[in-house]
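First comes the structure, then the notes that go with it.
In UniProt numbering, the protein residues as written are 1 to 110.
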């Protein structure tokens with residue numbers, strides 16, 4: 001894995017998100033109330049809603065356009081909705097958010 005530093009956890013609001021520019025486009029980085037971080041594509045597969053503007057609750061995010069809910073661990077839509085978002089490996093080290101750049105690169109080549 002090739003980890004890149006994308007910022008400090010304090011730069012992402014609690015129960016919120018921010019966008020990070022990568023060579024494949026913007027990736028949403030989400031922060032939970034428990035100071036966990038997750039990374040995923042920013043666009044909802046339903047209508048392209050900006051997930052970074054959605055509501056983060058538990059380890060899920062709700063699309064702001066049509067209330068689709070996605071598990072931030074797996075990317076799977078919850079409930080009756082059929083869809084998924086791409087998730088990316090992230091970790092915290094000394095308060096810094098690290099994104100696995102090699103996983104982003106692999107997914108852009110697919």
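We treat Cβ as the ideally placed atom computed from N, Cα and C, and that holds for glycine.
#1: Please determine, among 4, 71, 2 and 93, the residue with the shortest C-alpha to C-alpha distance to residue 83.
#2: Residues bridged to residue 8 by DSSP?
#3: Can you find the residues in the same chain that come closer than 8 Å, C-beta to C-beta, to residue 46, ignoring five residues on each side of it along the sequence?
#4: Take the Cβ of residue 4 as the centre, count every other Cβ of all protein chains shown within 10 Å, and call the residue buried at 16 or more, exposed below.
#5: Kindly indicate which three-state DSSP category residue 33 falls into: helix, strand or coil?
#6: In its own chain, which residues sit with a C-beta less than 6 Å from the C-beta of residue 41, not counting the 5 before and 5 after it?
#7: In whole angstroms, give me the CA-to-CA distance for residue 53 and residue 103.
According to the data block:
#1: Working through the chain shown from its first residue, we reach residue 83 at position 83. For the residues 4, 71, 2 and 93, the minimum Cα distance to residue 83 belongs to 71.
#2: Walking along the chain shown from the start, residue 8 turns up at place 8. According to DSSP, residue 8 bridges with 96.
#3: Translated into the one-based positions of the chain shown, residue 46 becomes position 46. Taken in chain order, the residues that qualify are 63, 65, 66, 68, 81 and 83.
#4: Your numbering for residue 4 matches position 4 in the chain shown. It is exposed - the Cβ of residue 4 has fewer than 16 other Cβ atoms within 10 Å.
#5: Here residue 33 refers to the residue found at position 33 of the chain shown. Of the three classes helix, strand and coil, the one that applies to residue 33 here is coil, per DSSP.
#6: As a working note, residue 41 is residue 41 in the chain shown. These residues qualify, in order along the chain: 85 and 86.
#7: As a position in the chain shown, residue 53 is number 53, starting the count at 1. As a position in the chain shown, residue 103 is number 103, starting the count at 1. Cα to Cα, the separation comes out at about 24 Å.
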